[in-house]
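Taking it in order: structure first as C-alpha cells, then the write-up.
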Amino acid sequence: MDKWLYHARFFKSRSLAQRLCGGGRARLNGNRVTKAHVMVRPGDVLTFPKGPHVRVVRVAALGVRRGPAAEAATLYEDLAPPPSAKSKAAPPRPVPARRDPGAGRPTKTERRATDRLKGH
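Encoded structure:
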C-alpha cells in the first residue's frame with residue numbers, strides 16, 4: 041500500500057507513505073490499515089488524510105514506477121465529493137502579526153499584550 045501511494049504521487053517519499061499506513065490512519069475498503077505492506081488490488085478503495093482533507097480514491101491500476109503526474113493520475117479514480125459551497129466560503133487564515141525589521145525580540149510586556157489581543 042505504501043508503495044502504491046508513493047507511485048500515485050500522494051506522498052513525496054515512500055517513508056512518508058509508510059508512516060501514514062503504520063500509524064493506522066489509512067483505510068483499505070473500510071478496514072483500518074496498521075501495516076504498510078498491505079497488498080492493494082485494482083478496485084480497492086483507499087481512504088486517508090492528506091493535509092486538511094480526507095482523500096477517497098479507487099485503485100485503477102498498479103504502478104510499476106513513480107512516473108510523471110500524468111502517468112500517476114491514471115493509477116486512481118478520485119471518489120471524494122466535490123467541494124461544497126460551505127468549504128469554499130471558509131474564513132481566510134489569520135495573517136501573522138508583523139514586526140518591523142530590526143525591532144528585535146518582543147519584551148515580556150509586549151508579548152503579554154499580544155497574548156491578550158489574541159485572546160490567549
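Numbers in our numbering are just positions in the sequence shown, counted from 1, shifted up by 40. Heads up, the beta-carbon is just placed ideally off N, CA and C, and yes, glycines get one too. Please read these numbers as outputs of a predicted model, since none were measured by experiment.
So, is G142 buried or exposed, given that buried needs 16 or more other C-beta atoms within 10 angstroms? G142 is exposed by the Cβ-count criterion.
Determine contact between the segment 86-93 and the segment 66-78, defined as no fewer than three beta-carbon pairs at a distance below 8 angstroms. Counting C-beta pairs with one atom in each stretch, the segment 86-93 and the segment 66-78 have three or more that are closer than 8 angstroms, which means they touch.
Distance between P134 and D155 (C-alpha atoms, nearest Å): The alpha-carbon separation between D155 and P134 amounts to approximately 15 angstroms.
DSSP three-state label for R81, please. Looking at R81 - three-state DSSP - the assignment turns out to be coil, as it is neither helix nor strand.
In the DSSP assignment, what residue or residues form a beta bridge with E117? Answer by DSSP bridge pairing, in chain order: R98.
Taking P121 and A100 to be in contact with their CB atoms under 8 angstroms, please state how far apart those CB atoms are, rounded to whole angstroms. With a Cβ gap of about 19 angstroms, P121 and A100 do not count as contacting.
Using the rule of at least 16 other Cβ atoms within 10 Å of the residue's Cβ for burial, across every protein chain shown, is A76 buried or exposed? By the 10 Å Cβ count, A76 comes out buried.
Label D140 either buried or exposed according to how many other C-beta atoms from any shown protein chain fall within 10 Å of its C-beta, with 16 as the threshold for buried. Exposed, because fewer than 16 other Cβ atoms sit within 10 Å of the Cβ of D140.
Could you spell out the range, first to last residue, of the beta strand (DSSP E) harbouring A66? 66-68 is the extent of the beta strand (DSSP E) around A66.
Could you check what DSSP says for K75 in three-state terms: helix, strand or coil? In the displayed model, K75 falls within coil according to three-state DSSP, outside both helix and strand.
Could you pull the start and end residues of the alpha helix (DSSP H) that H160 belongs to? Per DSSP, H160 belongs to no alpha helix (DSSP H) and is neither H nor E.
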